[in-house]
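Structure, as structure tokens:
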Amino acid sequence: MDDLVYLTEADVRGLLQMPALRARLRDAFALFSSGQADVPPRIAARAPLGVLAAMPGYLAGVGLVVKAVTVFAGNHGTDVPSHQGLIVVCDEHSGTPVAIMDGTSITAMRTAASAAVAADLLARPEATVLAIIGGGVQGHSHLSAFADLRPWSSVRVASRSRGSAIALAARHPAATVSSFEAAVRGADVICLTTDADHAVIDPSWVSPGAHVGSVGNRAELHTGFTNGTVFVEWLGAALSAPPAGAVELQGIDPARVVELGSVLTGAHPGRTSADEITVYKSTGHAIEDGAAARLVLDEAVAKGIGLRLPR
87 MDDLVYLTEA DVRGLLQMPA LRARLRDAFA LFSSGQADVP PRIAARAPLG
137 VLAAMPGYLA GVGLVVKAVT VFAGNHGTDV PSHQGLIVVC DEHSGTPVAI
187 MDGTSITAMR TAASAAVAAD LLARPEATVL AIIGGGVQGH SHLSAFADLR
237 PWSSVRVASR SRGSAIALAA RHPAATVSSF EAAVRGADVI CLTTDADHAV
287 IDPSWVSPGA HVGSVGNRAE LHTGFTNGTV FVEWLGAALS APPAGAVELQ
337 GIDPARVVEL GSVLTGAHPG RTSADEITVY KSTGHAIEDG AAARLVLDEA
387 VAKGIGLRLP R
């Protein structure tokens, strides 16, 4: 039996490239919506200051994967990430564990890459103005994931912390703006990446035909954006009660919620008019972790990277 492969955060970041990750996620979403996956609802254990969640899943051709992730909101603004985790990959034929890897960086990168897949599917082809709201981990990850998605003529970043926005713009080719409203008005693609427990932008600021994506796990998305079709990774998770489900989608008519995979398979048309404001709400999905982890493992094996642990 082969050794177990262990991959650090540095290994994962060096091996996980956004274009390849976006491609793997597109395939994963399509497979999931075609019934070639088994992903039960995540389970969570609550501590006084945070949550430990387990996200298992099976995806054909990827394997059996489980991520254990902690979410501690109090870590925001410190050197400790709010989301930390480990991922275990098991062979789909024998069940043998084949790899353990850092899940913190995968969580950050796959969340942003999934949002980029959604934007690529739903934004107008001529979209050229990008707005990123939030200067934290997801703000940085989104700029990386979206950088080569379109030939952006303008990239705007805004954060509640002016310093965070400046730091973000310094690392990426983007311009800081004075307010969320200034960032959003006239933008073609708007990414909400905050931990806010209230709506951060008003629908009246958003131009007809724009695309709005939200990855915050609290309530950053104004309920006015959920009056039409809302695109998600998985209906079962998105419509569940929080923390597994989206706060903003509680009580929504399930008929108005559509999986990204349905767009990729052609079962749903996606955008239906040039003026439609398309909306994507992320809650996270085990197939994203699985697709990302398999990509990392494939690259690690091909390049001989990682620590081999005897069983």
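Under my numbering, think of the first position of the sequence shown as 87, with each following residue one higher.
Just so it is clear, CB atoms sit at the ideal spot from N, CA and C, and this is done for glycine as well.
Does residue i come out as helix, strand or coil in the three-state DSSP assignment?
| i | result |
| --- | --- |
| residue 142 | strand |
| residue 179 | coil |
| residue 90 | strand |
| residue 190 | helix |
| residue 279 | coil |
| residue 124 | strand |
| residue 394 | strand |
| residue 360 | coil |
| residue 262 | strand |
| residue 96 | helix |
| residue 236 | coil |
| residue 149 | strand |
| residue 322 | helix |
| residue 242 | strand |
| residue 160 | helix |
| residue 136 | strand |
| residue 223 | helix |
| residue 166 | coil |
| residue 292 | coil |
| residue 273 | coil |
| residue 198 | helix |
| residue 330 | coil |
| residue 231 | helix |
| residue 286 | coil |
Along the chain, where does the alpha helix (DSSP H) containing residue i start, and where does it finish?
| i | result |
| --- | --- |
| residue 170 | Run containing residue 170: none in the alpha helix (DSSP H); it sits in the beta strand (DSSP E), 169–176. |
| residue 403 | Since the first residue of the chain shown is 87 and the last is 397, residue 403 is not available in this structure. |
| residue 387 | 372–389 |
| residue 335 | Per DSSP, residue 335 belongs to no alpha helix (DSSP H) and is neither H nor E. |
| residue 252 | 248–257 |
Just confirm the distance between the C-beta atoms of residue i and residue j, as a whole number of angstroms; I'd bet it's less than 8 Å.
| i | j | result |
| --- | --- | --- |
| residue 269 | residue 217 | 4 Å |
| residue 401 | residue 228 | The chain is shown only over 87 to 397; residue 401 falls outside these bounds and no answer can be derived. |
| residue 205 | residue 299 | 6 Å |
| residue 125 | residue 139 | Wrong, their Cβ atoms sit about 13 Å apart, outside the cutoff. |
| residue 241 | residue 261 | 7 Å |
| residue 375 | residue 173 | 6 Å |
| residue 159 | residue 171 | 15 Å between Cβ atoms; not a contact. |
Tell me whether residue i is buried or exposed, calling it buried when 16 or more other Cβ atoms sit within 10 Å of its Cβ.
| i | result |
| --- | --- |
| residue 152 | buried |
| residue 389 | exposed |
| residue 166 | exposed |
| residue 303 | buried |
| residue 135 | exposed |
| residue 177 | exposed |
| residue 163 | exposed |
| residue 248 | exposed |
| residue 179 | exposed |
| residue 284 | exposed |
| residue 142 | buried |
| residue 234 | exposed |
| residue 129 | exposed |
| residue 119 | buried |
| residue 133 | exposed |
| residue 393 | exposed |
| residue 245 | buried |
Please go through the same chain and pick out, in chain order, the residues whose beta-carbon is closer than 6 Å to the beta-carbon of residue i, but skip the five residues on each side of it.
| i | result |
| --- | --- |
| residue 208 | 297, 356, 357 and 364 |
| residue 225 | 218, 254 and 279 |
| residue 371 | 319 and 320 |
| residue 287 | 266 and 270 |
| residue 231 | 104, 198, 199 and 202 |
| residue 347 | 115, 116, 118 and 119 |
| residue 223 | 194 |
Could you please give the first and the last residue of the uninterrupted beta strand (DSSP E) stretch that includes residue i?
| i | result |
| --- | --- |
| residue 299 | 297–300 |
| residue 317 | 316–318 |
| residue 345 | 343–345 |
| residue 130 | 129–133 |
| residue 307 | Here residue 307 belongs to no beta strand (DSSP E), and DSSP marks it neither H nor E. |
| residue 218 | 215–219 |
Among the residues of its own chain, which have a CB less than 8 Å from the CB of residue i, if the five just before and after it don't count?
| i | result |
| --- | --- |
| residue 361 | 294 and 295 |
| residue 110 | 377, 378, 380 and 381 |
Ignore the nearest five residues each way along the sequence and tell me which others in residue i's own chain have a CB closer than 7 Å to its CB.
| i | result |
| --- | --- |
| residue 99 | 191 |
| residue 291 | 267, 270 and 271 |
| residue 326 | 127 |
| residue 95 | 188, 190 and 191 |
| residue 306 | 278, 280, 282, 285, 286 and 300 |
| residue 308 | 285, 287, 288 and 289 |
| residue 412 | The question about residue 412 has no answer here: the residues shown for the chain are numbered 87 through 397. |
So is the beta-carbon of residue i under 6 Å away from any non-hydrogen atom of the ligand SAM?
| i | result |
| --- | --- |
| residue 310 | In the structure shown, the ligand SAM is absent, as is every other ligand, since no ligand is present at all. |
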